[in-house]
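In the working numbering, the protein residues as written are 9 to 195. The structure appears right after this line, and notes come after that.
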C-alpha cells in the first residue's frame, strides 16, 4: 500500500514540475511511451477530456483521476475497491498544451510526420532555477496536440501513440461501490 502511495505522490510531483496549462477542449486517449537513461521504455495510458485527466500505469494496480471541475484528485485502487482523495491544485494539472513553466523560447525547426500525424517540430528552451534545458517538441497540426517531446541529445523522450478521439465520461468517475480511504501518513 505504501508503495502505491509513494508512486502516486511521485507522479504528482512530476506533474507539478511540468507546470500549468491554458484551457483547451481536447478529447483523446493515447498510449504514452517514455524513455530515459538506462531504463527500459515505460508505457502508460492517458485519457483527456476537456479539463479531466486519467493516468494509468500498467502493473501498478491503481490509476489517478484529475477533476478540476470538482477540485479533487482521486487515486483509485480497483483491487481493494477503494480510492483516496486529495485537493486539486491548479499547479498539478498535467501540462498537455501551451507553454511550459519557465519557457524562455520556442523556435520552429521543421515539420515531420509522427505516428501518422503531420507535426511542427519546435526547439524549446526552459529555465528552472539555475538549470536551462533545451529539447524538441512535436505538435500534431491535425489535432493541435504535442505528441512527442525529446531531449536534443536523445537521453529521454515521451511520445503519445495510438491516439483515439472519443473518451467516455465514466472513465473520470469513481466506480460505484468503491470506498473512500484516508491517505496514510508517510514516515
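A virtual CB, placed ideally from N, CA and C, is assigned to each residue, including glycine.
Taking just the CA atoms, how far does residue j sit from residue i?
{"i": "residue 110", "j": "residue 129", "result": "19 Å"}
{"i": "residue 154", "j": "residue 51", "result": "17 Å"}
{"i": "residue 171", "j": "residue 89", "result": "29 Å"}
{"i": "residue 177", "j": "residue 58", "result": "11 Å"}
{"i": "residue 163", "j": "residue 43", "result": "8 Å"}
{"i": "residue 117", "j": "residue 191", "result": "46 Å"}
{"i": "residue 132", "j": "residue 152", "result": "17 Å"}
{"i": "residue 113", "j": "residue 67", "result": "38 Å"}
{"i": "residue 87", "j": "residue 69", "result": "7 Å"}
{"i": "residue 74", "j": "residue 138", "result": "30 Å"}
{"i": "residue 136", "j": "residue 184", "result": "42 Å"}
In three-state terms, what does DSSP make of residue i?
{"i": "residue 37", "result": "strand"}
{"i": "residue 180", "result": "helix"}
{"i": "residue 89", "result": "coil"}
{"i": "residue 68", "result": "coil"}
{"i": "residue 109", "result": "coil"}
Going by beta carbon distance, what residues of the same chain come within less than 6 Å of residue i, once the five residues before and after it are set aside?
{"i": "residue 119", "result": "128"}
{"i": "residue 97", "result": "none"}
{"i": "residue 166", "result": "42 and 157"}
{"i": "residue 122", "result": "146, 155 and 156"}
{"i": "residue 94", "result": "81"}
{"i": "residue 142", "result": "133 and 160"}
Looking at residue j and residue i, is the spacing between their C-beta atoms short of 8 Å?
{"i": "residue 179", "j": "residue 62", "result": "yes"}
{"i": "residue 54", "j": "residue 38", "result": "yes"}
{"i": "residue 41", "j": "residue 169", "result": "yes"}
Between which two residues does the beta strand (DSSP E) containing residue i stretch?
{"i": "residue 125", "result": "125-136"}
{"i": "residue 157", "result": "153-159"}
{"i": "residue 170", "result": "164-172"}
{"i": "residue 144", "result": "139-148"}
Short of 7 Å in beta carbon distance, which residues of its chain neighbour residue i, apart from the five on each side in sequence? Order them along the chain.
{"i": "residue 71", "result": "62, 63, 64 and 84"}
{"i": "residue 115", "result": "130 and 131"}
Below 8 Å CB to CB, which residues in the same chain sit around residue i once its five sequence neighbours on both sides are set aside?
{"i": "residue 91", "result": "82, 83, 84, 85, 182, 186, 187, 188 and 189"}
{"i": "residue 35", "result": "56, 57, 58, 173, 174 and 175"}
{"i": "residue 49", "result": "41, 42 and 43"}
{"i": "residue 77", "result": "59 and 60"}
{"i": "residue 125", "result": "148, 149, 150, 151, 155 and 171"}
{"i": "residue 140", "result": "112, 133 and 134"}
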